[in-house]
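These notes concern the structure reproduced below.
Chains as they are written, first to last, in the numbering used here: chain A, 68 to 147; chain B, 4 to 381.
Spelled out as structure tokens, the structure:
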């Protein structure tokens with residue numbers, strides 16, 4: 068379901084943290100929410116979605132949000 | 004599958020581990036057993052062997068912690084990150100940390116320690132995360148995993164064998180079946196009317212039904228029994244055992260196969276076993292026990308062999324005189340092919356093939372004839 072308003076902001080915050088912790092997104096990317104449609108961030112999102120076996124929408128859809136909230140291992144999925 | 008960048012791995016096949024501290028969520032021996040079983044998962048498909056040390060620096064240091072715990076990668080409270088581990092190497096490398104804000108359990112009602120430990124120890128051995136959703140090394144925890152049928156996926160086996168090769172004694176690459184056929188081909192499903200048992204014993208208020216390499220564990224609290232590999236609890240116990248019985252006041256279950264007897268206490272395998280059954284005072288002519296049961300009130304243990312039985316005095320630790328006696332004379336209605344026997348609710352339940360006879364010791368007669376798997380809520 069499409070996210071609205073503060074719910075979207077909260078979702079974007081979780082997404083940014085997830086990409087930073089597990090997919091090597093540079094930490095503290097400023098105004099991540101504004102940049103969510105820029106190609107580097109879309110690429111990152113798609114990389115995550117591909118790794119986790121999700122549809123590669125490049126967007127914060129509900130399946131992606133649901134999987135990001137599942138318990139998991141703290142080791143990154145890509146990178147060192 | 005993938006390995007850590009640079010494929011770090013242990014340059015030796017014998018690796019030490021230490022359980023530095025414990026979660027309060029589980030009894031200590033459950034934690035010990037979960038870690039041991041998690042290591043065994045990898046041991047079975049590689050040349051690696053593991054030994055536990057209780058002090059000093061081990062290759063793999065296993066600990067439970069909350070939030071900031073010294074490695075600048077703090078845990079995050081309940082949920083989300085459950086644990087993390089480091090690639091092989093000195094110091095913190097190779098170690099596995101578990102978030103003690105989780106509720107650790109030995110079933111799937113909480114976070115299953117065995118499952119998470121098997122995953123984290125995959126990291127400790129050099130595996131990185133896998134994008135294969137069926138793999139143990141997939142990063143997201145799967146609470147729906149059927150523990151009774153747990154096995155590594157082919158992706159996990161390929162991954163760990165890319166680092167260490169197959170087990171040394173197997174002539175060719177060991178492939179763990181990816182279909183859930185962890186049941187032996189000849190082990191029938193739980194509700195098959197033809198199911199029979201090798202041995203049945205109580206254990207701390209539960210009942211264990213042994214069959215080939217597995218056992219069903221029946222607790223009065225749950226309608227469905229759990230199904231486990233014997234070796235996942237007691238690695239040195241034999242499969243296809245002949246008999247088993249619990250001596251309650253010693254908190255010990257004895258397992259019999261051929262002319263040998265083993266002893267276990269909870270998860271622990273007691274030292275000094277197996278021993279010969281003849282140390283109990285059975286004659287040399289007896290080379291195999293069909294079934295056995297120890298009656299707490301009498302402090303006597305009965306060994307059934309073909310059409311006869313012996314009786315052992317647990318207090319005196321010696322066989323009673325004037326035995327063997329005929330089973331038919333003392334247990335009318337019980338035939339000569341007893342597979343297993345256990346006591347519940349004051350009755351003795353004798354198993355023979357797919358049938359079970361409920362025997363009332365006070366009335367001295369068989370009161371019911373049941374299917375052997377009548378305890379399984381089929």
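By construction, the Cβ of each residue, glycine as well, lies at the ideal position given by its N, Cα and C atoms.
Distance between residue 378 of chain B and residue 221 of chain B, taken at the CA atoms: about 8 Å. Straight-line measurement puts the Cα of residue 370 of chain B at about 10 Å from the Cα of residue 351 of chain B. Of the candidates B/234, B/103, B/94, B/355, B/103 places its Cα closest to the Cα of residue 71 of chain B. Linking residue 95 of chain B to residue 266 of chain B through their CA atoms gives a straight-line distance of about 37 Å. Residue 41 of chain B places its beta carbon 8 Å or farther from that of residue 203 of chain B.
Rounded to whole angstroms, the separation of the alpha carbons of residue 146 of chain B and residue 51 of chain B is 28 Å. Of all residues in the stretch 84-105 of chain B, those with a C-beta nearer than 7 Å to a C-beta of chain A are 84, 85, 86, 87, 88, reading in chain order. When B/253, B/131, B/233, B/312 are compared, the shortest CA-CA separation from residue 286 of chain B is found for B/312. Scanning chain B for C-beta atoms nearer than 9 Å to the C-beta of residue 119 of chain A yields 134, 136, 141, 142, 143, reported in chain order. Under a criterion of Cβ atoms nearer than 7 Å, the residues of chain B adjacent to residue 144 of chain A are, in order, 132, 142. Non-local C-beta neighbours of residue 31 of chain B in its own chain, meaning closer than 6 Å and more than five positions away in sequence, comprise 25, ordered along the chain.
For residue 378 of chain B, the secondary structure class from DSSP, reduced to helix, strand or coil, is helix. Bounds of the beta strand (DSSP E) holding residue 217 of chain B are 217-221. Assignment of residue 117 of chain B by DSSP, reduced to helix, strand and coil, places it in the helix class. Taking CB atoms only, residue 114 of chain B has a neighbour in chain A less than 8 Å away. Contact note: residue 141 of chain A reaches chain B through 76, 84, 86, 87, using a C-beta cutoff of 7 Å and chain order.
The CB of residue 122 of chain B comes closer than 8 Å to the CB of 140 in chain A, given here in chain order.
Non-local C-beta neighbours of residue 120 of chain B in its own chain, meaning closer than 6 Å and more than five positions away in sequence, comprise 37, 38, 41, ordered along the chain. By the 16-neighbour rule on beta-carbons within 10 angstroms, residue 372 of chain B is exposed.
For residue 12 of chain B, the secondary structure class from DSSP, reduced to helix, strand or coil, is coil. A direct Cα-Cα distance of roughly 54 Å separates residue 206 of chain B from residue 126 of chain A. For residue 110 of chain A, there are no C-beta contacts with chain B under 9 Å, since the nearest C-beta of that chain is about 16 Å from it.
CA-CA distance, residue 149 of chain B to residue 322 of chain B, rounds to 44 Å. Not one beta carbon of chain B lies nearer than 8 Å to the beta carbon of residue 82 of chain A.
In this structure, the beta-carbon distance from residue 191 of chain B to residue 162 of chain B does not fall below 8 Å. Taking a cut-off of 8 Å for Cβ pairs, the stretch 235-250 of chain B and the stretch 258-265 of chain B touch, as three or more such pairs fall below it. Secondary structure at residue 84 of chain A: helix, using DSSP grouped into helix, strand and coil.
Residue burial is scored here from C-beta neighbours: residue 359 of chain B has at least 16 other C-beta atoms within 10 angstroms and is therefore classed as buried.
Comparing C-alpha distances from residue 200 of chain B to each of B/142, B/357, B/169, B/81 shows the shortest one belongs to B/357.
Between residue 329 of chain B and residue 310 of chain B a beta carbon distance of about 6 Å is seen, short of the 8 Å cut, so the two are scored as contacting. Annotated as distal: residue 145 of chain A and residue 88 of chain B, with beta-carbon spacing of 8 Å or more.
Look at residue 126 of chain B: its C-beta is under 8 Å from a C-beta on chain A.
Note that the C-beta distance between residue 362 of chain B and residue 326 of chain B is not below 8 Å. The secondary-structure analysis by DSSP pairs residue 64 of chain B across a beta bridge with B/21.
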